[in-house]
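J.: Numbering (the numbering used here), first residue to last: 1 to 268.
Pasting in a structure now, in structure tokens, and then I'll have a few things to ask.
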């Protein structure tokens, strides 16, 4: 029976097709895993926000009023007062706090005023804003002032000397830092809304806290505290390992040759 000689071009094409099919299967598995995670049971937004939004604010850290993520809190106070709220932020989330101050009637005011929001973590360390207008001045004829502060992404763990934002309760303080003395005590209303953006595994770190900083059981992220044990980097790492193994097999098949040539006698 004549020996069959495999053409190297045909073997190369089969290897390429095998690798391409494996890559498609890996991509399909990755997409299916992400879809399964997205479809996993979790509290619906309507259920998480079914509680009535707060209509008051605290006057110190200890009396800060708890606000859920994505919930808008309101309060009425007097110019010069300090207002405090608190909200949760978990590992991998980037918090943003938006605030709006509805000023007293222009006829009752005697000059410009400056308003400011500050955000503190569970250790009461003031966190710097990456984006937003943290402080803004309003003229005597202004009707409202809008402020915002976007923090750095929260990480699951950090060194004790670091000021990186960690999972736990975050405090919002709103006040007028500058206004005429004759305008102190004038009534105003405030709105505060904390929201979070899930950054995924881009800011994941090794390690996690034993408990969130300053967290209270009455205010938790939707779905509870994740404690930083899961990130989407697990999926990408697994998919990369599979593709690397397939590439190694394909490379071996391309470089191992066609074996013993048929024209060489046995025993030579």
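All residues carry an ideal CB built from backbone N, CA and C; glycine is no exception.
The structure presented is a predicted model; accordingly, all values stated were derived computationally and were not measured.
#1: Hey, residue 111 and residue 198 are a contact pair by Cβ (cut 8 Å); roughly how many whole angstroms apart?
#2: Have a look at the DSSP bridge pairing and note the partners of residue 116.
#3: Starting from residue 76, follow the beta strand (DSSP E) in both directions and report where the run begins and ends.
#4: Below 8 Å CB to CB, which residues in the same chain sit around residue 81 once its five sequence neighbours on both sides are set aside?
#5: Can you pull the DSSP bridge partners for residue 147?
#6: Measure the C-alpha to C-alpha separation of residue 168 and residue 161 and round it to an integer number of angstroms.
#7: Tell whether a beta-carbon distance below 9 Å holds between residue 146 and residue 100.
#8: Does residue 165 pass the burial test, meaning 16 or more other C-beta atoms within 10 Å, or should it be called exposed?
#9: Can you tell which of 93, 62, 241 has its C-alpha closest to the C-alpha of residue 225?
#10: Cα-Cα, which of 138, 152, 192, 90 is closest to residue 65?
#11: Distance, Cα to Cα, residue 215 vs residue 119?
#12: Please report the straight-line C-alpha distance between residue 51 and residue 86, rounded to a whole angstrom.
T.: Put simply:
#1: That belief does not hold up - the Cβ atoms of residue 111 and residue 198 are roughly 43 Å apart, past 8 Å.
#2: 135, 175
#3: Its beta strand (DSSP E) spans residues 73-78.
#4: 59, 175
#5: Answer is 99, bridged to residue 147.
#6: 18 Å
#7: yes
#8: buried
#9: 93
#10: 192
#11: 15 Å
#12: 16 Å
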